[in-house]
Amino acid sequence: MPIQNEQSLTIGELFSLRGKTALVTGGSSGLGYMMASGLLQNGARVYIASRSRERCDDAARTLSSFGECIPMAADVTDAVQRGALVKELTRREPGGISILVNNAGSNWGAAIADYPDAAFDKVLRTNVSSVFSLTRDLLELLGRSASPPDPSRVINIGSMDGLQVPIVQRVPTFAYSASKAALHHLTRTLAVELGPRNITVNAIAPGFFESKMTDYVMDNFREDIEDDCPLGRIGSPADIAGTLLYLASRAGAYTNGAIIPVDGGTHLSKGKREWQS
Ligand SMILES: NC(=O)c1ccc[n+]([C@@H]2O[C@H](COP(=O)([O-])OP(=O)(O)OC[C@H]3O[C@@H](n4cnc5c(N)ncnc54)[C@H](OP(=O)(O)O)[C@@H]3O)[C@@H](O)[C@H]2O)c1
664 MPIQNEQSLT
674 IGELFSLRGK
684 TALVTGGSSG
694 LGYMMASGLL
704 QNGARVYIAS
714 RSRERCDDAA
724 RTLSSFGECI
734 PMAADVTDAV
744 QRGALVKELT
754 RREPGGISIL
764 VNNAGSNWGA
774 AIADYPDAAF
784 DKVLRTNVSS
794 VFSLTRDLLE
804 LLGRSASPPD
814 PSRVINIGSM
824 DGLQVPIVQR
834 VPTFAYSASK
844 AALHHLTRTL
854 AVELGPRNIT
864 VNAIAPGFFE
874 SKMTDYVMDN
884 FREDIEDDCP
894 LGRIGSPADI
904 AGTLLYLASR
914 AGAYTNGAII
924 PVDGGTHLSK
934 GKREWQS
């Protein structure tokens with residue numbers, strides 16, 4: 664029996680983001696910048712948001728060589744600034760936005776005895792609470808462009824550290840791994856809640872990529888990091904952009920509530936460390 668309403672299955676069509684509008688939080692550096700670049704290079708109009716206006720403007724200027732990239736300075740943990748961001752997006756995009764990438768995140772490393780309550784709270788607020796709040800505040804705008812064959816997409820950036828217990832002796836990041844595990848579960852809960860509104864919610868759980876956040880560990884533990892990864896390397900912009908494009912495009916329209924590791928298999932590996940006597 665012929666398949667009804669068959670659409671083109673070429674990669675060019677299946678993964679195209681022509682006519683789509685995206686918001687990438689934390690799009691001014693690191694993974695957010697790599698993902699914004701991937702979205703732009705495949706036809707989307709992209710808003711990037713981060714706290715520093717200067718860094719946001721600089722990144723948007725560079726990214727604009729690939730397409731229309733609009734900087735919007737905002738701290739996603741601040742309700743007033745979040746409100747202003749949503750208002751401005753609504754004014755500029757009356758037809759709605761179709762892709763929200765919740766990527767802004769923070770980390771804190773300290774030994775357990777010295778781990779400050781305030782730092783723990785800040786990491787949880789940035790990596791979990793603000794993702795929930797921004798997604799909730801953008802539901803109306805995400806819903807405007809959503810349809811059953813082409814749902815709007817919320818893509819949360821979790822971490823392999825939310826899938827495994829990180830090697831805390833190396834860099835003790837208690838709040839971070841707890842926050843990413845929470846974000847993964849929030850992803851599943853929102854997927855069930857928002858699916859009926861034609862909005863999918865998925866997460867990517869990256870391994871190590873070069874960024875401001877990983878400067879310290881890369882400088883001090885790069886060899887160990889590569890040894891821990893079955894593929895023996897850190898991630899590249901193509902690795903993160905490829906998975907994001909799948910989730911954001913027609914290719915990923917039926918994927919909902921998934922947590923996709925992009926870590927070369929690191930979360931499954933025991934690494935090549937010597938046995939300690
Ligand atoms: N790099 C990795 O190896 C790796 C691995 C797993 C997961 N991740 C996750 O990937 C995401 C991006 O991290 P990254 O490694 O690319 O770090 P990064 O280079 O430090 O980027 C973080 C981005 O988030 C923005 N940001 C931080 N707090 C914010 C806030 N309150 N409001 C708005 N923007 C904020 C930063 O800009 P401003 O400072 O201007 O605000 C920056 O653009 C994070 O969620 C991180 O946990 C990274």
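Okay, so the sequence shown: first residue is 664 according to my numbering, each after it adds one. Where is the CB? At the ideal position from N, CA and C, for every residue including glycine.
Taking a C-beta distance under 9 Å as the contact criterion, GLY806 and VAL764 do not qualify as a contact pair.
Sequence-distant Cβ neighbours of SER912 in its own chain, meaning closer than 7 Å and more than five residues away, are LEU677, PHE678, SER679, LEU680. Annotation for ILE762: the continuous beta strand (DSSP E) segment containing it runs 762-765. Between the alpha carbons of GLY870 and ALA809 lies a gap of roughly 31 Å. For SER874, the CB falls within less than 8 Å of some heavy atom of ligand 1. Here the stretch 831-847 lies against the stretch 760-777, with 3 or more beta-carbon pairs under 8 Å apart. Annotated as proximal: ALA916 and PRO814, with beta-carbon spacing under 9 Å.
Unbroken alpha helix (DSSP H) runs of no fewer than 4 residues, entirely contained in the stretch 828-897, are found at 837-857, 878-891, following chain order.
For GLU889, the closest of GLU756, ASP926, ILE733, THR863 by C-alpha to C-alpha distance is ASP926.
Taking 8 Å as the cut-off, the C-beta of SER728 does not count as close to any heavy atom of ligand 1. Beyond the five residues adjoining it in sequence on each side, GLY730 comes within less than 6 Å, by CB distance, of LEU703 in the same chain, given in chain order. Taking C-beta atoms under 8 Å as the contact rule, LYS843 and ASN790 qualify, at a distance of about 7 Å.
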